[in-house]
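Q:
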Amino acid sequence: MELLGTVTIFLLVCISCLLVATWSRSQKGKMPPGPTAFPILGSVLQLNPWNIPESLKELSKKYGPVFTIHLGSEKVVVLYGYDVVKEALIDQADNFSGRGSLPLLKKLLQGTGILTSNGETWKQIRRFTLTTLRDFGMGKKSIEERIQEEARFLVERIRNTKERPFNPGNYLVHAVSNIICSVIFGDRFDYEDKKFLTLIDLLEENNNLQNSKSTQLYNFFPTVMDYLPGSHQKLIENTETVNSFVLEIIAEHQKTLDPTCPRDFIDAFLYKVEQEKGNAHSEFTTETLSRTTIDLFLAGTGTTSTTLRYGITILQKYPEIVEKVQKEIDSVIGRDRSPSVADRSQMPYTDAVVHEIQRFIDFLPINVPHAVTKDIKFRGYFIPKDTMIFPMLHPILHDNKEFPNPEKFDPGHFLNADGTFKRSDYFMPFSAGKRICAGEGLARMEIFIFLTAILQNFTLKSAVDCKDIDISPVTTTLANIPRPYEVSFLPR
Ligand code: HEM
Ligand SMILES: *[C@@H]1O[C@H](CO)[C@@H](O)[C@H](O)[C@H]1NC(C)=O
Ligand SMILES: *[C@@H]1O[C@H](CO)[C@@H](O)[C@H](O)[C@H]1NC(C)=O
Numbered sequence: 024m025e026l027l028g029t030v031t032i033f034l035l036v037c038i039s040c041l042l043v044a045t046w047s048r049s050q051k052g053k054m055p056p057g058p059t060a061f062p063i064l065g066s067v068l069q070l071n072p073w074n075i076p077e078s079l080k081e082l083s084k085k086y087g088p089v090f091t092i093h094l095g096s097e098k099v100v101v102l103y104g105y106d107v108v109k110e111a112l113i114d115q116a117d118n119f120s121g122r123g124s125l126p127l128l129k130k131l132l133q134g135t136g137i138l139t140s141n142g143e144t145w146k147q148i149r150r151f152t153l154t155t156l157r158d159f160g161m162g163k164k165s166i167e168e169r170i171q172e173e174a175r176f177l178v179e180r181i182r183n184t185k186e187r188p189f190n191p192g193n194y195l196v197h198a199v200s201n202i203i204c205s206v207i208f209g210d211r212f213d214y215e216d217k218k219f220l221t222l223i224d225l226l227e228e229n230n231n232l233q234n235s236k237s238t239q240l241y242n243f244f245p246t247v248m249d250y251l252p253g254s255h256q257k258l259i260e261n262t263e264t265v266n267s268f269v270l271e272i273i274a275e276h277q278k279t280l281d282p283t284c285p286r287d288f289i290d291a292f293l294y295k296v297e298q299e300k301g302n303a304h305s306e307f308t309t310e311t312l313s314r315t316t317i318d319l320f321l322a323g324t325g326t327t328s329t330t331l332r333y334g335i336t337i338l339q340k341y342p343e344i345v346e347k348v349q350k351e352i353d354s355v356i357g358r359d360r361s362p363s364v365a366d367r368s369q370m371p372y373t374d375a376v377v378h379e380i381q382r383f384i385d386f387l388p389i390n391v392p393h394a395v396t397k398d399i400k401f402r403g404y405f406i407p408k409d410t411m412i413f414p415m416l417h418p419i420l421h422d423n424k425e426f427p428n429p430e431k432f433d434p435g436h437f438l439n440a441d442g443t444f445k446r447s448d449y450f451m452p453f454s455a456g457k458r459i460c461a462g463e464g465l466a467r468m469e470i471f472i473f474l475t476a477i478l479q480n481f482t483l484k485s486a487v488d489c490k491d492i493d494i495s496p497v498t499t500t501l502a503n504i505p506r507p508y509e510v511s512f513l514p515r
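Take the sequence shown: its position 127, counting from 1, is numbered 150 in our numbering, and each next residue is one higher.
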């Protein structure tokens, strides 16, 4: 009897606790609606893990521009459309400035650099990174000059392929990666350098591993996947190798540091570590240095090189667009000097083509996940602190009012009737607000200079009939990537 009594009391206490919890929850308000979640599985039944952006598009038709999904046991609020994303990332910039990491990103990057960090660490490291990248832009050799020099190496290398069809992916990765290497490590690498090639191979392998099924499942079931073999384990191991490579370079820098003359990003950071030695709470440590360096290296390589690789396959499909770009190159730059950023303002057609490439490929359709930094109210809903947010870029870049016929590649999306450049607030491939891509300026310079340098010197010849080139993307967890292809570069 006594036992039954105790059990009854226990149950009553439990129920009242539940009621109180539900009540206080409803006082704060309801989270945005969404599909039914199942224990452990979350919304996996309504979300195709191999094409999340497509599933989210379907859900937005049913639930509107703000809805909640479950990744495993984690709640994610999806923002679908220009108005809600602007309202969140710009009008409530601070509230939405947190980084919510997908389990895999969290595992790989550990949250102490710039890309996946939060709070005070993120604020200080981001401010430092932006200023330092700017300073090196004004240094002895400007970032623009570095890109022009690299473009000449790239063009020479392409010339040596002697019109043979090949996949230019690796050449583009090497060139793009060299720009970020030169900023953070102080110098570019020779294309044959063993260390450099090992590093790039690891990155390439990681890119491929990210497309594997086991890696994509990791984001849904991290705790289970931690115990299972598969390509996600190789990915984790490779990232450690990249980490030790960077640590080695940092150690070399430490030995030869001259505080009066920083050679690169690492030197500038080491000097800051030195300055803050007395401060026990400093965010500037060798640990955050190596993480930030890796973040810049990873964020700055795959994004830009894939955009170029994708751009080249699109241009192969439209020889008439290439012809118009080349006409503009010939009249503004000519054949005897390297393209520079200053040329861009006189090249509205080329500028439109570059914008259209970034819009069309929609490289990060769901953006990089954010998080809210406190309990907030948004459009009448309650969103608790630290909830992960997907401020989707796809519905903005493919908005059919702003860009009529958005699935078609058409530079006209960025041209006025009189042929001048038409800017658009919907051009958001780098996101918006406080977390906006820290390398936007660098990336846009690279894409413009590399593409114009290539088209200044070569015409693209596709290995298959133009009509048969499939420019639709392969969608991985986070990125849209081009289908494999080969191209020949014919000297002009
Ligand atoms: C075509 C090339 C690129 C694209 C499309 C791109 C796009 C993006 C996007 C969408 C984000 C997430 C923004 C957000 O959370 O709201 C991001 C973040 C970031 N990107 Fe880029 N990016 C590119 C190139 C680069 C380059 C060259 C660098 C090198 C410096 C870079 C460094 C970063 C960093 C450090 C972040 C994290 C910023 C933060 O969390 O505060 N990106 N990028
Ligand atoms: C392209 O070729 C011209 C000569 O036709 C050369 O002067 C120019 O520098 C080349 N561009 C690059 C980036 O090498
Ligand atoms: C941030 O969220 C709080 C709580 O909902 C709200 O009072 C505040 O206005 C928001 N900040 C901005 C800039 O909207």
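For glycine and all other residues, C-beta sits at the position ideal for the given N, C-alpha and C. Since the structure is predicted, the reported quantities are computational estimates derived from the model, not experimental observations.
Let me know if residue 489 comes out buried or exposed under the rule of 16 or more other beta-carbons within 10 Å of its beta-carbon.
A: With fewer than 16 Cβ atoms within 10 Å of its Cβ, residue 489 is classed as exposed.
Q: Is there contact between the segment 357 to 376 and the segment 389 to 408, where contact requires at least three CB pairs shorter than 8 Å?
A: They do not touch, by the three-pair rule.
Q: Tell me the residue span of the beta strand (DSSP E) that contains residue 98.
A: Unbroken beta strand (DSSP E) run through residue 98: 97 to 102.
Q: Which full runs of the alpha helix (DSSP H) of 4+ residues lie inside the segment 94 to 147, going along the chain?
A: DSSP runs (the alpha helix (DSSP H)) wholly in the segment 94 to 147: 105 to 109 and 126 to 132.
Q: Taking a contact to mean a Cβ-Cβ separation below 8 Å, would you say residue 198 touches residue 473 in this structure?
A: Result yes, Cβ atoms of residue 198 and residue 473 sit closer than 8 Å.
Q: Per the contact definition of three or more C-beta pairs closer than 8 Å, is the segment 120 to 133 in contact with the segment 252 to 265?
A: These segments touch.
Q: Should residue 487 be labelled buried (16 or more other beta-carbon atoms within 10 Å of its own) or exposed?
A: That one is exposed.
Q: Flag this pair as yes or no: are the beta carbons of residue 315 and residue 136 separated by less than 8 Å?
A: Their beta carbons are under 8 Å apart, which means residue 315 touches residue 136 by this criterion.
Q: Could you compute how far the alpha carbon of residue 286 sits from the alpha carbon of residue 272?
A: Cα-Cα distance, rounded: 13 Å.
Q: Is there at least one non-hydrogen atom of ligand 1 closer than 7 Å to the beta-carbon of residue 283?
A: Result no, Cβ not under 7 Å from ligand 1.
Q: If you measure from each CB to the nearest heavy atom of ligand 3 and keep those under 5 Å, what residues do you get, in chain order?
A: Those satisfying the condition are, in chain order, 115, 118, 399 and 400.
Q: With three or more beta-carbon pairs closer than 8 Å as the criterion, would you say the segment 429 to 449 touches the segment 135 to 154?
A: Judged by Cβ distances under 8 Å, the segment 429 to 449 makes no contact with the segment 135 to 154, as fewer than three pairs qualify.
Q: Pull up the CB-CB distance for residue 322 and residue 462, whole angstroms please, since I reckon it's below 8 Å.
A: With 8 Å as the limit, residue 322 and residue 462 qualify as a contact, their Cβ atoms being about 6 Å apart.
Q: Buried or exposed, going by whether 16 or more other CB atoms sit within 10 Å of the CB of residue 408?
A: Exposed, by the Cβ-count rule.
Q: Of all the alpha helix (DSSP H) runs that stay within the bounds of the segment 426 to 486, which reach a length of 4 or more residues?
A: Here the runs fully enclosed are 463 to 480.
Q: If residue 195 sits next to residue 382, beta carbons under 8 Å apart, how far is it from one beta carbon to the other, in whole angstroms?
A: In fact, because the Cβ distance is near 20 Å, the residues do not count as touching under 8 Å.
Q: Using only the alpha-carbon positions, how far apart do residue 173 and residue 77 sit?
A: For residue 173 and residue 77, the distance between alpha carbons rounds to 37 Å.
Q: Over the uninterrupted beta strand (DSSP E) stretch that includes residue 84, give me the two end residues.
A: From DSSP, residue 84 is part of no beta strand (DSSP E) but of the alpha helix (DSSP H) over 75 to 86.
Q: Along the chain, where does the beta strand (DSSP E) containing residue 513 start, and where does it finish?
A: Segment 510 to 514, the beta strand (DSSP E) holding residue 513.
Q: Looking at residue 384: is its Cβ nearer than 8 Å to the Cβ of residue 201?
A: Their beta carbons are not under 8 Å apart, which means residue 384 does not touch residue 201 by this criterion.
Q: Rounded to whole angstroms, how far is the Cβ of residue 539 from the Cβ of residue 127, which I believe are closer than 8 Å?
A: Since the first residue of the chain shown is 24 and the last is 515, residue 539 is not available in this structure.
Q: Quick one: residues in its chain with C-beta nearer than 7 Å to the C-beta of residue 203, no 5 flanking neighbours on either side, listed in chain order?
A: Closer than 7 Å at Cβ, skipping near neighbours: 319, 320, 323 and 324.
Q: Under 8 Å, do residue 105 and residue 449 count as touching if we go by C-beta distance?
A: Yes, the Cβ-Cβ distance between residue 105 and residue 449 is below 8 Å.
Q: Looking at C-beta atoms only, is the number of pairs between the segment 339 to 352 and the segment 409 to 427 that lie closer than 8 Å three or more?
A: At 8 Å Cβ cutoff, the stretches do not touch.
Q: Can you tell me whether residue 501 is helix, strand or coil according to DSSP?
A: Reduced to three states, the DSSP call for residue 501 is coil.
Q: Please identify the residue among 477, 451 and 304 whose C-alpha is closest to the C-alpha of residue 108.
A: With distances taken between Cα atoms, residue 108 lies closest to 451.
Q: Could you compute how far the alpha carbon of residue 499 sits from the alpha carbon of residue 482?
A: Each residue's alpha carbon lies about 31 Å from the other.
Q: By Cβ distance below 6 Å, which residues in the same chain neighbour residue 46 in space, the five residues on each side in sequence not counted?
A: Low per-residue confidence applies at residue 46: pLDDT is 47, beneath 50, and the placement is therefore not dependable, though the value from the model is reported in the following sentence. Excluding positions up to five away in sequence, the list is empty.
Q: Specify the secondary structure class of residue 391 as computed by DSSP and reduced to three states.
A: The answer is coil: DSSP assigns residue 391 none of H, G, I, E or B.
Q: Assuming residue 288 contacts residue 206 under a Cβ cut-off of 8 Å, what Cβ separation, rounded to an integer in Å, is found between them?
A: Right, the Cβ-Cβ distance comes to about 6 Å (below 8 Å), so this counts as a contact.
Q: So for residue 506, helix, strand or coil by DSSP?
A: If DSSP states are grouped into helix, strand and coil, residue 506 belongs with coil.
Q: Tell me whether residue 318, by its Cβ, gets closer than 7 Å to a heavy atom of ligand 1.
A: Answer for residue 318: yes, Cβ within range of ligand 1.
Q: State yes or no: is the C-beta of residue 380 within less than 8 Å of the C-beta of residue 413?
A: For residue 380 and residue 413, no; Cβs fall outside 8 Å.
Q: Per DSSP, residue 7 is paired with what?
A: No information on residue 7 is available, as it lies outside the stretch 24 to 515 that the chain covers here.
Q: Which word fits residue 292, buried or exposed, when buried means at least 16 other C-beta atoms lie within 10 angstroms of its C-beta?
A: Looking at its Cβ environment, which holds 16 or more other Cβ atoms inside 10 Å, residue 292 is buried.
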